[in-house]
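Okay, so here's the structure we're looking at.
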Amino acid sequence: MAQADSKRGERPDPDALLALVHSETRGKLKVFLGAAPGVGKTYAMLSGAKQAAREGADVVVGVVETHGRAETAALIQGIEMLPQRNVEYRGRLIQEFDIDAALKRRPKLIIVDELAHTNAPESRHPKRYQDIEELIAAGIDVWTAMNIQHLESLSDVVSTITGVSVRETVPDTVVDKADEVVVVDITPAELLQRLRDGKVYLPENARRAADNFFKPGNLTALRELALRRTADRVDDQMVVYLRQNAIEGPWPAAERILVCVGNDPLSETVVRAGGRLASGLNASWIAVHLSRFDFEETSHRALRRIDEAMRLAERLGAELARLSGRHLPDEILRFARRENVTQIVIGRSAAHWFARLRGRSLPEEIVRRASGIAVHIVTSDEPAKKRRFSFLRPRLSALAGAVPFLSVAVAVAVGMIASHFLVLPNLSMIFLTAVLFCAVGYGAGSAILAAVLSFFAYNFFFIEPIYTFTIAEPHELFALLIFLLVAVLTGGLAGRVREQSDSAARRVVATQSLYDFSRKLSAIAKLDDVLWVVVSHVAKSVNGGALVLLGHKEELDLGAALPPEDTLGPSEWAAARWSATRGEFAGWRTATLPNAQFQFRPLRTSRGILGVIGVKPGNAKEDLSAEDDRALAALIDQAAVAIERTQLVDEAAKAETAIESERLRGALLSSLSHDLRTPLSAIMGAVTSLRQLGDKMPASSRHDLLATIEEETARLSRFVSNLLDMTRLEAGAVNVKRDLVDAGDAVRNAVAHARSSFPTRPIDVAIAPDLPLVRGDATLLEQVVFNLLDNADKYVPLGSPTSVSLRTEGGKLMIAVTDHGPGIPKTELERVFEKFHRVAAGDGRPAGTGLGLSICRGLIGAMDGTIRAESPLVEGTGTRIVIELPVADARQDRLAS
Amino acid sequence: MSTATTVLVVDDEPQIQRFLKPSLEAAGYKPVMAATGAEALRLIATRAPDVVVLDLGLPDMDGKEIISGVREWSQVPIIVLSARDREGEKIAALDLGADDYVSKPFGIGELMARIRTLLRHRSREEGETTVFESGGLVIDTLAHTVTRNGEGLRLTPKEYDVLQLLVRNAGRVLTHRQILQAVWGPANVEDTQYLRVFVGRLRQKIEADPGAPQLIVTEPGVGYRFKAMQDDGR
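Those protein sequence lines, which keep their order, are chains Z and E. Going by the numbering used here, the first residue of the first sequence is number 1, and it counts up by one from there. Going by the numbering used here, the first residue of the second sequence is number 1001, and it counts up by one from there.
Printed below as a string of structure tokens:
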């Protein structure tokens, strides 16, 4: 590390420069630090602000506590005051700093007093320093003030010195990151004088505490803390400056500190000690929690304590790491060497008697083997009582409590019966069996209860004098005590094994559930279903409610919720938006809007934030356990991936639809282009030929050209009317009459029309006699039949006949138009009725309008009939279009009309 | 005319054939009709037509295939019939070796003029001409001089190359690609934007009114066409 640093020193350290750039886009924080209340922080801060305002800076007072002092109040005169936010709390109206107003006003500099202040519930952030962080992130400069006692890493030292415990603390990182720290310093004597003169404001109820607090000794100690802390800062700034400017520095070789976090109450003290050491040495530090592979931590309280210690370490600026291994000293030292750690901080409770039996304690082992690494051992005053009997703590269920009594009773009975028939030298084995039974079946607690019960029962029933708890022979007493020890140890260990297997089973269940979840998700393609699976799974995993909000930043929509309560309160919405915008956790038990009922976590994928997931744990009083938290994080990751996947599928489907409609449009254009242009080309060519070359042509050619013009004009007109029909059909503007129609007449008319239009095409007609009437529109029916004949003409080689037949079949009237053309492929039989669909694609022949059949289907459908295509008919050729129309009940119709 | 000029018309629409046949006959050509690509290839091989009029939309094969097939063994002039909105198709056909195109629907006069231009080019290739004259502009390819109304014009070598290429193909369309390839080489065939600017400059020098060019005519989306030499009104 030291080497790396000196090398790096030759040119500006990129990280340091990056940090500088970063700090330039943010607002600047200036902290006025005092040793104790009354040293004049606020006064100093406001004097500075007034000066800045006089020089024309855009200064606003966000919040300032003047405590009714005239000289302080006078300073605010002339500086813009931001209105306060009125909050009702427990029936009282209190005034709070209004962060939204401040963000809206956006001054260059804002004064926000009392850095350590705790905001009223319902505020966006629980702490004022979080408000200030947001202001700085928004690019606003902030001046604030605090007393040294509120600094997190010093709070235990302060309470030791003064005997006053500090509730409101500020993380060290806030002060460390401040751009400027100003110490407002007066001597303790001066401060006491000011106190006596009544110049220091103290709330009425704090007077007595204050008397204990304001003692010269305390004040001197606090003053020293404040000054030393600031001196450390000055040192840091010097180092940073040297690095930024690539000056070969005299800064110390980088120290790196490892703090071991255990599950005992001491760990918090260890973390604080490590933090102080790190900041004193200007070193980076890592807080590590170690767990053993073979010793699963099952106690809820111990897990909670580890989490809390780790969180504290994070607040104090540590990196976090969790390790697990078989042999803890090995793991710690391996990790320490890998991370170039120079100092280790570890706590030592008054050693566990069991550990003493086994040999050296963990700290001793580390001290022995950590060559080259300094080891600090933090000791506690009180012996770790709780730790010693920790294996008794598992709560016994009613059953696990009753079984030892039963099993010991059985052991007694078995012992009695056995001793009647046999002379057993050692009945204790029977009781040991009972203890093991309890251990394996119901855990360590149950086993230990059984061991104790066995101890008494054995004594009572089998040791002379029997039926008393007295023991005659000393060796009997000794044997009994040995029995108790063995029973407790074996029972405890067996129980422990069982608990671990339970915990492993629980983990298997959790893993299984995660696996099920991801498998379930992978099978679903629809977003709504995915969301539903996600909320139901997440709700189950936290034993409460869950919901998913999808969208981008401010625009979130409820995707799914369980239970389906769709009313989120304003603070829930605010928390959700915050989470989606910043990509951070928000809401319940977080730094932002902790009063919201839900905790929101971003659904983050490689494409960004898709939305947020909100969870409302069944037990709102307690944090999520570390285990649940991990499970939840895994669920949310899976959910994010699944949601992204369905969104991608949706997008792909949309793109496909777009391509399909593009293709349709292409087909439409090509159809229009071809079908309009061909007759136009023929007409134009014929007309221009006649004009320019007519006099050089024989009369027959001229007549033929005129005929071409006539025919092509008719064809164009048919096409245009087809287009218009289609448009009218689609617009629902076709009026289909419901008259009684003689279909025979319609067919005959259509055939006559077709014969005149396509004189070269032979058409056979077969109309059965005595046909019933149908209900419909004679003109439109005729048009349908003509369209079919037109189609047949277009697609069929010249000279091949088309036949039309008309008969009844199964109570329906059937019109069939049959040709001997190339036929239609099976896959196309339905598609030919689609708009602009043509079997031969592109510009080639045959040139259908691509409209005829779809118009036919539209019209026949309007007459309650059906139309379908059959092909091929004979040897792969020929097409038959069949229309079926319902026969009208003539009698009923007559009655009706 | 002892041996009539043969014109092969390849179009599957009977109504197009129906008016082209009498018109071509009336203009003194000998029309031969084909409705499919296969038939067209057979007729080009056996009847050796002087000009081919080819519709690009045929039932059995793409018209572009016919062009590339024919160009492997014949330089017969080919006029393509195509829809106005199918520039891509036209350009592809021209790049494959078609000589010109006519957009449907077309007047018979336009088609006749194209046929005449192509036939004239063919006859000229046999007896090489070195001096071209059009609208007061005289280009002497031997002397490498360009004069307008007797006044010498200063052209850069590239401008001269482009002008000469256009003039040699007067009346015929040349695609952007063909011009770029011939003058700048195969590496620059995509620089159509540059060509537009370049032709604009050339017009400034040779056109009487560069705002309304008469000599170098833009074929939108396809390329350029130099004004046809005076029709001999055949």
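Built from N, CA and C at the ideal position, the CB exists for glycine as well. Computed from a predicted structure; not experimentally measured.
DSSP-derived helix/strand/coil call for residue i
i, result
"Asn86 (chain Z)", "strand"
"Glu584 (chain Z)", "coil"
"Ile881 (chain Z)", "strand"
"Met146 (chain Z)", "strand"
"Leu1008 (chain E)", "strand"
"Gln1214 (chain E)", "coil"
"Pro329 (chain Z)", "helix"
"Ile659 (chain Z)", "helix"
"Gly599 (chain Z)", "According to the sequence displayed, residue 599 (chain Z) carries Gln and not Gly. The answer is strand: DSSP assigns Gln599 (chain Z) an E or B state."
"Asp141 (chain Z)", "strand"
"Glu319 (chain Z)", "strand"
"Thr1175 (chain E)", "strand"
Pairwise C-alpha distance: residue j and residue i
i, j, result
"Thr230 (chain Z)", "Lys30 (chain Z)", "13 Å"
"Ser419 (chain Z)", "Leu514 (chain Z)", "55 Å"
"Lys50 (chain Z)", "Ile79 (chain Z)", "7 Å"
"Leu624 (chain Z)", "Ala287 (chain Z)", "21 Å"
"Gly744 (chain Z)", "Asp1050 (chain E)", "56 Å"
"Ile867 (chain Z)", "Glu828 (chain Z)", "14 Å"
"Gly842 (chain Z)", "Pro886 (chain Z)", "Any answer about Gly842 (chain Z) is weak, because its pLDDT of 42 lies below 50 and its placement is not dependable; what the coordinates show is given next. In a straight line, the C-alpha of Gly842 (chain Z) is about 38 Å away from that of Pro886 (chain Z)."
"Ile881 (chain Z)", "Val1009 (chain E)", "36 Å"
"Ala1038 (chain E)", "Pro1031 (chain E)", "18 Å"
"Val747 (chain Z)", "Leu781 (chain Z)", "8 Å"
"Ala575 (chain Z)", "Leu724 (chain Z)", "57 Å"
"Thr1005 (chain E)", "Glu1065 (chain E)", "25 Å"
"Thr779 (chain Z)", "Pro762 (chain Z)", "23 Å"
"Arg738 (chain Z)", "Gly776 (chain Z)", "4 Å"
"Arg194 (chain Z)", "Val174 (chain Z)", "30 Å"
"Ala53 (chain Z)", "Pro107 (chain Z)", "11 Å"
"Arg582 (chain Z)", "Leu135 (chain Z)", "14 Å"
"Pro846 (chain Z)", "Glu651 (chain Z)", "Model confidence at Pro846 (chain Z) stands at a pLDDT of 48, short of 50, so the residue's coordinates are unreliable and nothing is read from them."
"Ile524 (chain Z)", "Asp637 (chain Z)", "16 Å"
Best match in the options for proximity to residue i [C-alpha to C-alpha]
i, options, result
"Leu222 (chain Z)", "Z:Gln237, Z:Asp185 and Z:Asp197", "Z:Asp185"
"Thr169 (chain Z)", "Z:Arg315, Z:Pro107 and Z:Ala138", "Z:Arg315"
"Asp307 (chain Z)", "Z:Ala35, Z:Thr468, Z:Val345 and Z:Arg630", "Z:Arg630"
"Ser898 (chain Z)", "Z:Ser681, Z:Gly317, Z:Val751 and Z:Leu547", "Shown here, chain Z extends from 1 to 897; a query on residue 898 (chain Z) therefore has no answer."
"His1144 (chain E)", "E:Gln1164, E:Ile1179, E:Met1112 and E:Gly1107", "E:Gln1164"
"Thr818 (chain Z)", "Z:Glu499, Z:Arg831 and Z:Asn787", "Z:Asn787"
"Val452 (chain Z)", "Z:Ser407, Z:Tyr129, Z:Val423 and Z:Arg577", "Z:Ser407"
"Asp502 (chain Z)", "Z:Ala444, Z:Val533 and Z:Val538", "Z:Ala444"
"Lys696 (chain Z)", "E:Glu1207, E:Glu1013, E:Ala1026 and E:Leu1020", "E:Ala1026"
"Ser1074 (chain E)", "E:Ala1093, E:Val1080, E:Met1061 and E:Ala1098", "E:Ala1098"
"Ala1045 (chain E)", "E:Arg1071, E:Tyr1029 and E:Gly1223", "E:Arg1071"
"Thr379 (chain Z)", "Z:Ile346, Z:Glu365 and Z:Leu399", "Z:Ile346"
9 Å Cβ cut-off: residues of chain Z touching residue i
i, result
"Leu1264 (chain E)", "Nothing can be reported for residue 1264 (chain E), as the shown portion of chain E is limited to 1001 through 1234."
"Ser1068 (chain E)", "Going along chain Z, no residue has its Cβ under 9 Å from Ser1068 (chain E), so there is no contact; the nearest lies around 18 Å."
"Ile1016 (chain E)", "Thr678, Ser681, Ala682 and Gly685"
Proximal chain Z residues relative to residue i, where beta-carbon distance stays under 7 Å
i, result
"Ala1083 (chain E)", "Ser673 and Arg677"
"Gly1107 (chain E)", "Met684 and Thr688"
"Lys1104 (chain E)", "Arg677 and Ser681"
"Ala1027 (chain E)", "Leu693"
Interface partners of residue i on chain E, CB under 8 Å
i, result
"Glu712 (chain Z)", "Gln1015"
"Asp790 (chain Z)", "Under the 8 Å cutoff, chain E gives no residues; its nearest Cβ is about 15 Å from Asp790 (chain Z)."
Chain E residues whose Cβ lies nearer than 7 Å to that of residue i
i, result
"Lys696 (chain Z)", "Ala1026"
"Ser701 (chain Z)", "Pro1022"
"Thr760 (chain Z)", "Under the 7 Å cutoff, chain E gives no residues; its nearest Cβ is about 10 Å from Thr760 (chain Z)."
Please list the segments of the beta strand (DSSP E) lying wholly inside the segment 1048-1116 of chain E, counting only runs of 3 or more residues, in order along the chain. Scanning the segment 1048-1116 of chain E from its first residue to its last, the whole beta strand (DSSP E) runs of 3-plus residues come out as 1051-1055, 1078-1083 and 1100-1104.
Just to confirm the assignment: which complete beta strand (DSSP E) runs, minimum length 3, are found wholly within the segment 748-783 of chain Z? Qualifying beta strand (DSSP E) stretches, in chain order: 763-767 and 774-776.
Which runs of the beta strand (DSSP E) at least 3 residues long sit entirely within the segment 787-811 of chain Z? Give them in chain order. Runs found: 802-809.
List, from N- to C-terminal side, the alpha helix (DSSP H) runs of 4 residues or more that fit wholly inside the segment 19-88 of chain Z. Counting only runs that start and end inside the segment 19-88 of chain Z, the alpha helix (DSSP H) elements of at least 4 residues fall at 41-54 and 70-76.
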